[in-house]
Structures are given as structure tokens and as C-alpha cells.
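Everything below concerns the one structure shown next.
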């Protein structure tokens, strides 16, 4: 029987492109796109830089929400839970599915090469789609075991060539890459900046942190450029930022990573892992660690980000206050208030290998994932198929996941603006006026309202539902 090599890519990986967005901001934005959810962190995000603890999902209630994954292999399996129908398309061939849980889709027997799998959810407030992870598989050469892997830490400047003002950092809370295995990492915040390396092998993985304050980055492999989005409202201490297999082991490959930094935006690099099929050489540099690729920790801690709160100071005489109130009522009458769309990203899990490639002390997180939506918290399902190869964390031991059950009732609406009753109150208390005086008052109110419009910029415009574009540029403290 042919052995298979299986890699798990978690829902939080930048390798997965979510449309119309993969992270709408603080709170529950499932009705506008996909929203990250962590079992050990209270579900949805409550502030930038929250810890991403426990099991993660991407959740949506948006009709037609989609995600895409480009992968190299011969098979793919998708896991999660849905209470809505959905369509899976692989290389353009589509198949319709009813609501499901556990294994949502599985396809083997593809020709070995690059494939694209796309999922479109017929979601709604009463029928959500919860996506967990994708397992990518390919056959191993006859008689071969798991691929050989060699890990280079970000501090290895013999292998990694840095350009720009990169600095070695140690997380003060010991959360990067993980609480169990904190290690130095490279950070850059000033442009221009890049990091490059060359190697011989069949695959490469790049791991780094994701946090509130990151943005996009380009990965150039042998002249082929791909762009990914590292931004998220969560702190993920160790994420799979890039993964590519199927490379020619007989030639030297060159990788160049160029992050978008500056203006408070940062990029964090933890490690690079090179892969070669069992028995094949892995050549890339010195001072490496033989082991398996670094994994995405689910027990990362929190970096504090400081928000700025601006409060208006209102003064004036009573008559002006009354006019201002009338102006606000007039403006609300003309325009319905809309919720601000704050972010969009594509939003890693670590490579999974066989026990033969573990570093000393490495252990596999074996906590089962919940099998249903948040309202069915106590029904776990087996997270791996028995036919799949054993998998493990890809850095020295990530801590075991504490399987905190989801809340009994999942939020399905973003924070809204309470309906104002100001118009009815003003109408009921207004005194009869002559036509001339009423026209004069209306004109005065309109002038004041127009001035307010000019002095207060409009709320952010929602990004088009055509691409998973970067979020607003915000600083990282």
C-alpha cells in the first residue's frame, strides 16, 4: 500500500483566502463575511491583540461567502460543521452538499500537481458555516517514510539574508512562538525590508507571528510571486505563513520575502523549514535543526495594543444646543446609520508530519474538535481520519489544547447601532409653526447639518466583495 504524506492547514492560515473578508474586526461580523472564532478566548474577538487560545474556526452567516485554497498534492479533505448547504469546486468541477459535520469534503486520486479548491456557503443567520481546517495529501515514493525536514531559526543569519532594519526580539510574555517553547524571533517595522535564502529540496515552509498591526507580504520563489495577508485582530504566536511542495530537488531554489511595513506596520519571522523526500538531501545552510516544521501555537498570549479614544467637548448656550439637536435629527432623517466595516483579510496551522520527524520532546495535540455549531458544544468528533498518516506539532511541543466548549448560543449579528427614537420625540413635542418660520428653521437646520457633515468624515466604506483586500493600515504598538 502506498504511504501518504498529509499536511494540515488550519482555518487561520493566510494560505486560505476568504471572501468577502476573513476577519471583519472586533466582535461578530459573520453577517458580512467570515469571522475567526476561538474556543478558549470567548468566541469572537473583543479587542485587537486578544490571545487566540483553543480550537479555531472561521464562521460565516453571509450568503455566498467563499474561501479558496491553492495546494500541491493528490488529495484534499475539508473539515468543519455546517447548518447550511454549500458547494465545493475543485479545479472548476463543482459538487453540491447538504448541511454536514466533521468531514465536509474529501477528494483523492488527483494528478500530482497544483490544484485549487473553492467552497461557497449558502449561509444565513439561521444556517451558518463553520470551517475548521484542510488536510492536503500526496503519495510518498515507494518504501519512503515521511519527508526529511530541517528547521532554521530566524536568528540564523548564515542561512537567512536580511535586508533592512531587522531586530532580534524576545517576547516579554514568552508567547512567541509558544508559551511552552518561547524563542527569539526577527521583527521589522521600517521599510524597505526583505529576507531571502536559497536551498535544494522538495518543499519549504515559513513560520511567523500574526498580530494586530501586520499587513501583506510577498513571497517570491524562483521568480513566482504570491501575496498573502498576515493581518488579524488576534495574536497568533506561530503561524504557517507560506508552504510549497513539489519543487525540483535537483536545482537550487531562491526565496525572497518582502513584507509591507512602515507607519506602525510590522512583520515577524520565527523560522524556515526545508523539506526533502526520505533519503533525499536537504541543502540550505549551517546551524540548522533536524526536525519538523514549526507549528501554529493555540496557546499564544496577548500583546497590549493601545487604542485612542476621542471624546467631543460640547459647549454653548441653550439655544445652540437645541439647534444642534434638531440638526442631528434632520441629518438622521436624511441618512440611515450604517455599521462601520473595519477589516478584511485572508486569513495557519502547522505542517503535520509523522512521528519519525519529531524533534525531541515533541508531542501531538490530540484534543478532539467540537463536532457541531456553538449551540452543540458537547459533541466532539474525531479530528483525523484513521487512514491518514499520524500527525504532530511541527515545533518542539506545542502545549495541549484545552477544549473549552463553545458558548451555548453563538452570536450571529455584528454590533449594531440602537434605533433612535429622536425623530418621534421631536415630532411629538414640536409646536405648530407658520409656513415661513418653518421654512426658515428648516434652512437653518440644514446649514448646521451640512457643517457637521463636512467636519466629520463619513464612516469607512466596505470593501468590494470581489477580493480579500488588506485591512485599513493601523499601527502596532
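Residue numbers (UniProt numbering): 1 to 477. No residue lacks a Cβ here, since even glycine has one placed at the ideal position from N, Cα and C. None of the values given here were measured: they were computed from a predicted structure.
Close Cβ partners of residue 73 (< 6 angstroms) along its chain, the five nearest in sequence each way excluded = Numbered from 1 along the chain shown, position 73 holds the residue referred to as residue 73. Within its own chain, the residues whose Cβ lies closer than 6 angstroms to the Cβ of residue 73, once the five positions on either side in sequence are excluded, are 136, 137, 138, listed in chain order.
If you draw a straight line from the alpha carbon of residue 70 to that of residue 118, how long is it in whole angstroms?
-> Here residue 70 refers to the residue found at position 70 when the chain shown is read from its first residue. Here residue 118 refers to the residue found at position 118 when the chain shown is read from its first residue. Approximately 9 angstroms between the Cα atoms of the pair.
The region 264 to 277 touching the region 32 to 47, judged by at least three CB pairs closer than 8 angstroms = In short, these stretches do not touch, since the Cβ pair count stays below three.
Rounded to the nearest angstrom, how far is the Cβ of residue 219 from that of residue 255, given a contact under 8 angstroms?
-> Position 219 of the chain shown holds residue 219. Position 255 of the chain shown holds residue 255. That belief holds up - the Cβ atoms of residue 219 and residue 255 are roughly 7 angstroms apart, short of 8 angstroms.
From the DSSP output, which residues share a beta bridge with residue 19?
-> Working through the chain shown from its first residue, we reach residue 19 at position 19. DSSP output for residue 19 lists 66 as bridge partner(s).
Beta carbon of residue 35, beta carbon of residue 48: below 8 angstroms?
-> Counting from 1 along the chain shown, the entry for residue 35 is found at position 35. Counting from 1 along the chain shown, the entry for residue 48 is found at position 48. For residue 35 and residue 48, no; Cβs fall outside 8 angstroms.
C-alpha gap between residue 78 and residue 102, whole angstroms | By one-based count along the chain shown, residue 78 stands at place 78. By one-based count along the chain shown, residue 102 stands at place 102. Distance between the alpha carbons of residue 78 and residue 102 is about 8 angstroms.
For the beta strand (DSSP E) that contains residue 97, what are its first and last residues?
-> In the chain shown, counting from the first residue as 1, residue 97 sits at position 97. Per DSSP, the unbroken beta strand (DSSP E) holding residue 97 starts and ends at 93 to 97.
Would the beta-carbon of residue 233 be found less than 7 angstroms away from any heavy atom of the ligand PLP?
-> No copy of the ligand PLP occurs in the structure displayed, which carries no ligand at all.
Indicate whether the contact test is met: 3 or more Cβ pairs, each with one atom in the region 250 to 270 and one in the region 52 to 62, closer than 8 angstroms.
-> The answer is no - the region 52 to 62 does not touch the region 250 to 270, with fewer than three Cβ pairs under 8 angstroms.
Please classify residue 194: is it buried, with 16 or more other beta-carbons within 10 angstroms of its beta-carbon, or exposed?
-> Position 194 of the chain shown, counting from 1, holds the residue named residue 194. So residue 194 ends up on the buried side.
Please check the pair residue 236 and residue 209, which I expect to be a contact at CB under 8 angstroms, by giving their CB distance rounded to whole angstroms.
-> In the chain shown, residue 236 corresponds to position 236, counting from 1. In the chain shown, residue 209 corresponds to position 209, counting from 1. The Cβ separation is near 6 angstroms, so the contact holds.
Is DSSP giving residue 264 helix, strand or coil here?
-> For the purposes of this step, residue 264 is taken as the residue at position 264 of the chain shown. Three-state DSSP puts residue 264 in coil, outside helix and strand.
Paired residues, beta bridge with residue 81 - DSSP = If you number the chain shown from 1, residue 81 lands on position 81. Answer is 101, 130.
Rounded separation between residue 18 and residue 230 - CA only = Reading the chain shown from its first residue, position 18 is the one you call residue 18. Reading the chain shown from its first residue, position 230 is the one you call residue 230. Roughly 13 angstroms between the two C-alpha positions.
Backbone CA spacing between residue 126 and residue 81 [nearest angstrom] = For this step, residue 126 is matched to residue 126 along the chain shown. For this step, residue 81 is matched to residue 81 along the chain shown. About 14 angstroms.
Helix, strand or coil at residue 73 [DSSP, three-state] | As a working mapping, residue 73 is identified with position 73 in the chain shown. DSSP places residue 73 in strand when its eight states are reduced to three.
Straight-line gap, residue 39 to residue 51 (C-alpha atoms, nearest Å) | The residue given as residue 39 occupies position 39 in the chain shown. The residue given as residue 51 occupies position 51 in the chain shown. Take the alpha-carbon of residue 39 and the one of residue 51: they are about 11 angstroms apart.
C-alpha distance - residue 177 paired with residue 239, whole-angstrom precision = Taking the chain shown and counting its residues from 1, the one referred to as residue 177 is at position 177. Taking the chain shown and counting its residues from 1, the one referred to as residue 239 is at position 239. If you take the alpha carbons of residue 177 and residue 239, they lie about 9 angstroms apart.
Rounded separation between residue 166 and residue 196 - CA only | For the purposes of this step, residue 166 is taken as the residue at position 166 of the chain shown. For the purposes of this step, residue 196 is taken as the residue at position 196 of the chain shown. Spanning the two alpha carbons is a distance of roughly 13 angstroms.
Within 8 angstroms (strictly less), CB to CB, does residue 48 reach chain C?
-> Annotation note: the requested chain C is absent from the structure, which comprises a single protein chain.
Of the listed residues 84, 68, 88, 76, nearest to residue 61 (C-alpha basis) = Taking the chain shown and counting its residues from 1, one reaches residue 61 at position 61. Of 84, 68, 88, 76, the residue nearest in Cα terms is 84.
In three-state terms, what does DSSP make of residue 40?
-> As a first step, residue 40 is located in the chain shown; it is residue number 40 there, counting from the start. If DSSP states are grouped into helix, strand and coil, residue 40 belongs with the helices.
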